[in-house]
Ligand code: RI2
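Residue numbers (my numbering): 136 to 447.
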């Protein structure tokens, strides 16, 4: 797909979900690399740099996007000709997509071990990593029941209940504000993540932090399913994850909003759940306590404190 089309689809959420947007960005860079017609390596790098910026600017919160773009762009490292750069970038894009798909499968296998036969699981939003755990547990023959939230304002819960329904999993569909009412019926909360910071805080769909509080109070464990490329290296530098605030039209008819001059409509798409409310993060490399986030950033994303010191 053309780069600008992909960027627009990510921005409008036609392509959504942190893993999916990362893979779409990798594919778009590969496609763009095949279309840049030049023999000038510097020009090629500049064009690809612009393409990378366009993609990264589409949605600010899911760190899977810049992590994927960085990985793919590093495929050009050391290239001295356009052909080498294009081939390197293409290989990197292909291996990112493959590794990402494999990571989701592996997370499913590991996450399913935390779901017991007879468990009632609550999930929020539509996370392929979280669903991979639930679906794998179901495939293993465990009798499970799911509570799935609606997920205002974009209703990603509808995608989740379709998947669960098609898999034949008994599912309860509830509005977001009903979580507290049902949390005592729930054995485990499983969500995805758009970003995990160096201190183990999890940035995920708006509403996750409230669910985490309810789960904590009810002594219900919260497991986060997140590929290693959801961990945010630059939080080592103290950079904060930008919380995307989307168009108010997703929440309220703009005409109604305009008729209420004293009302400001807010539409943050994500919130932050502190590490103390997260019991475990299931990555494709294994399940870790959130406090080990730095190890993932260092060992699997290749950023460590020394690298950052060099940058100063
Ligand atoms: P996977 C989604 O964001 C949700 O917040 C979901 O929990 C997260 O990405 C991770 O999804 P959005 O694109 O990568 O719906 O696990 O705003 O699919």
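All C-beta atoms in this analysis are idealised placements derived from N, C-alpha and C, irrespective of residue type, glycine included.
Same chain only: Cβ atoms within 8 Å of residue i, ignoring 5 sequence neighbours per side
| i | result |
| --- | --- |
| residue 206 | 161, 227, 231, 364 |
| residue 201 | 191 |
| residue 277 | 247, 250, 251, 252, 253, 254 |
| residue 212 | 223 |
| residue 150 | 141, 144, 156, 159 |
| residue 448 | Nothing can be reported for residue 448: it is not among the residues displayed for the chain, which extend from 136 to 447. |
| residue 321 | 255, 256, 257, 282, 350, 353, 355 |
Beta-carbon proximity list for residue i, same chain, < 6 Å, skipping 5 on both sides
| i | result |
| --- | --- |
| residue 146 | 193 |
| residue 425 | 335, 410, 413, 416 |
| residue 179 | 171, 173, 217, 220 |
| residue 438 | 368, 432 |
Residue i burial status per 10 Å Cβ neighbour count (16 or more: buried)
| i | result |
| --- | --- |
| residue 388 | exposed |
| residue 274 | exposed |
| residue 391 | exposed |
| residue 218 | exposed |
| residue 382 | exposed |
| residue 362 | buried |
| residue 299 | buried |
| residue 395 | exposed |
| residue 441 | exposed |
| residue 154 | buried |
| residue 235 | buried |
| residue 260 | buried |
| residue 384 | exposed |
| residue 210 | buried |
Distance CB(residue i)-CB(residue j) smaller than 8 Å
| i | j | result |
| --- | --- | --- |
| residue 338 | residue 376 | yes |
| residue 165 | residue 224 | yes |
| residue 198 | residue 367 | yes |
| residue 268 | residue 243 | yes |
| residue 343 | residue 295 | no |
| residue 280 | residue 308 | no |
| residue 331 | residue 358 | no |
| residue 245 | residue 422 | yes |
| residue 302 | residue 270 | yes |
| residue 428 | residue 333 | yes |
Own chain, CB closer than 7 Å to residue i, minus 5 neighbours either side, in chain order
| i | result |
| --- | --- |
| residue 216 | 176 |
| residue 405 | 196, 329, 338, 339, 340, 341, 378, 379 |
| residue 306 | 281, 283, 296, 299, 300 |
Contact test: residue i Cβ vs the ligand RI2 heavy atom, cutoff 7 Å
| i | result |
| --- | --- |
| residue 260 | yes |
| residue 305 | no |
For residue j and residue i, believed in contact at Cβ under 8 Å, the rounded distance
| i | j | result |
| --- | --- | --- |
| residue 265 | residue 327 | 5 Å |
| residue 289 | residue 148 | 7 Å |
| residue 262 | residue 360 | 6 Å |
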